[in-house]
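Read in order, the letters of the sequence shown are residues 3 to 460 in our numbering.
I have placed the structure first, in the form of structure tokens, so that the comments after it can refer back to it.
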Amino acid sequence: MDGKKKSESGIRWRWVAMVAVMAIFLAMSTKSSWKSNRCKQQESCKFTGMVEDCCCDYETVNVLNEEVLHPLLQELITTPFFRYFKAKLWCNCPFWPDDGMCRLRDCSVCECPENEFPETFRKPSNVLRKEDLMCQEGKPQAIVDRTLDKKVFRGWVEVDNPWTSDDETDNSEMTYVNLLLNPERYTGYTGPSARRIWDAIYSENCPRYASGEMCQEKKVLYKLISGLHASISVHIAADYLLDEATNTWGQNFDIMHDRVLRHPERVRNLYFAFLFVLRAVTKASDYLEQAEYDTGNHEDDLKTQSLLKQLLYNQKLRAACPLPFDEAKLWQGQSGPELKQQIQMQFRNISALMDCVGCEKCRLWGKLQVLGLGTALKILLSVEGDNHLNQSLQLQRNEVIALINLLNRLSESVKLVHEMAPSANKIVGRALELPSQEVGTLWRIWQSVNNLRSRKSS
């Protein structure tokens, strides 16, 4: 009987030993695989050659952005004209009840008092309608009239953008916001409510077509939305609340890697969106140059005009990347008009989804950047040829503010990706070395098993 027990005990110990050995080999194999994947991830961040569907390469974009575009845009958006954005922030979601939760005070938006934004932005109305009084609970001092003084703003007109859902000519529920006081950053807006917005955008309005089924125009729309999504993720990662107790903000390399860098397609789409919007701005250069940027401060307005001209007619940009994106290849064939209408409706739905964003500050930047994209689409896809811009194109002030601020957001995202990628990969690389610790742990378990068995035997 004792011999039988010893035999059974020996069999059990052999099984334990075999399992331990297999675990060690599996861990070592996994470590090797993770090292291989890490190398692939690092290589995926080294983008070279032409940006897909564009007329400029990654290396040139990085150099131009670093030396020309980013410095100019960073200075331009601080000027009074481009600092104030008009938005309808209190909105009802047209698709589902708004149940979004935001746990940080950074979700809220600091609205501008009426005396802060430029006088020319709030030209008083001579007549106050009864319905205006009702909307403002009978308080005429709360009314902000956004009527444009066309003598001051040459070329600025009140027209509705066909690519967005908000009626840009309806000022009754809109308010001016100082963008410099409301930076795009981490707000704590996470969870099902936040995910549902992007799920709705991608699944309902921007589906992932099977290979070969996505036409060029729909591919453009998908890449623009994906690029914008990547840009937003970059800004969250770059300005993140690292410690809520001490209110410490900084760069979150883990989020940067997890949401952007380890997805090469998202980085490529970010560059595509940047060049697409840049092309819209340069295509409308003659129109934008002719408009006056009057805020009542002559010195500031001259600075704004000077910076804008430097951006529109920069010789380095024109020499290195004269045509960032070629929109002439779109809308070809008999189905062109029908396809344009279909995509325009899809983008309007995406615009309407911004009213479902549960975080007020996120909603502000969502509306601004979607309006900026809608303005770029309006410039590139609604007007044929550069020679017809002055005759056919009509932009309102808020569209131009959104367009330039969007270009700056994308420019900054491209710069941050280029700068943060090496550090993010090093940090993630160190994290991926952890399996070696697990191998050591398993080896100690193996030794303990052997020691225990030796003691049992003795």
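Each residue gets a CB set at the ideal place from its N, CA and C atoms; glycine is no exception.
Just to confirm, are Cys361 and Thr189 a CB contact at a threshold of 8 Å? yes
Exposed or buried, what is Met356 when buried is set at 16 or more other beta-carbons lying within 10 Å of its beta-carbon? buried
Between Trp200 and the rest of its own chain, which residues show a CB-CB distance below 8 Å, the 5 nearest in sequence each way excluded? His231
Does the stretch 64 to 72 come into contact with the stretch 405 to 414, if we say contact requires no fewer than three beta-carbon pairs (one atom in each stretch) closer than 8 Å? yes
What are the residues that DSSP puts in a beta bridge with Asp87? Contrary to the premise, residue 87 reads as Phe rather than Asp in this sequence. Beta-bridge pairing links Phe87 to Val179.
If Glu291 and Lys311 are in contact, beta carbons under 8 Å, what's the gap, nearest whole angstrom? 6 Å
Contact the stretch 319 to 332 vs the stretch 270 to 279: 3+ CB pairs below 8 Å: yes
Identity of the residue in Leu409, Lys221, Glu267 and Gln346 nearest Lys331 by Cα: Lys221
Would you tell me roughly how many angstroms separate the C-alpha atoms of Ile227 and Ser353, rounded to the nearest one? 11 Å
Which first and last residues belong to the alpha helix (DSSP H) in which Tyr224 is found? Gln218 to Ala240
Measuring CA to CA, which of Leu314, Phe255, Gln371 and Glu301 is closest to Asn427? Phe255
Leu309 to Val283 span [Cα, whole Å]: 14 Å
Alpha carbon to alpha carbon, what distance is there between Glu301 and Arg197? 45 Å
Where the beta strand (DSSP E) containing Thr80 begins and where it ends: Per DSSP, Thr80 belongs to no beta strand (DSSP E) and is neither H nor E.
Which residues in the same chain as Leu379 place their Cβ atom closer than 6 Å to its Cβ, once the five residues preceding and following it in sequence are excluded? Trp165
For Asn271 and Gln344, the rounded distance between their alpha carbons: 22 Å
Using CA coordinates, which residue listed in Glu54, Asn163, Val53 and Pro82 is at the minimum distance from Ile1? This structure cannot speak to residue 1, because the chain is shown only from 3 to 460.
Considering only residues of the same chain and omitting the five flanking positions on each side of Ser244, which have a CB-CB separation below 6 Å? For the record, residue 244 in the displayed sequence is Leu; it is not Ser. Result list for Leu244: Thr250 and Gly252, in chain order.
Whole-angstrom Cβ separation of Ile79 and Asn410, contact assumed at under 8 Å? 5 Å
On a CA-only basis, which of Leu223, Arg268, Val430 and Trp367 is nearest Lys342? Give me that one, please. Leu223
Within its chain, find whatever has a CB closer than 6 Å to the CB of Ser167; leave out the 5 residues flanking it on each side and keep chain order. Arg350, Ser353 and Ala354
Out of Val269, Cys358, Asn407 and Cys364, point me to the one whose CA is closest to Gly374's CA. Asn407
Could you give the DSSP three-state label for Thr250: helix, strand or coil? strand
Around the Cβ of Leu280, are there at least 16 other Cβ atoms within 10 angstroms (buried) or fewer (exposed)? buried
Inter-residue Cα distance where the pair is Leu366 and Glu54: 30 Å
Whose C-alpha, out of Ala239, Gly51, Ala286 and Lys305, is nearest the C-alpha of Tyr315? Ala286
How big is the Cα-Cα spacing for Gln218 and Leu263? 25 Å
Identify whether Asp245 lies in helix, strand or coil by the three-state DSSP scheme. strand
For Ala247 and Met52, what's the separation of their Cα atoms in angstroms? 45 Å
Can you check DSSP and say which residues form a bridge with Met347? Paired residue(s): none; Met347 is not in a bridge.
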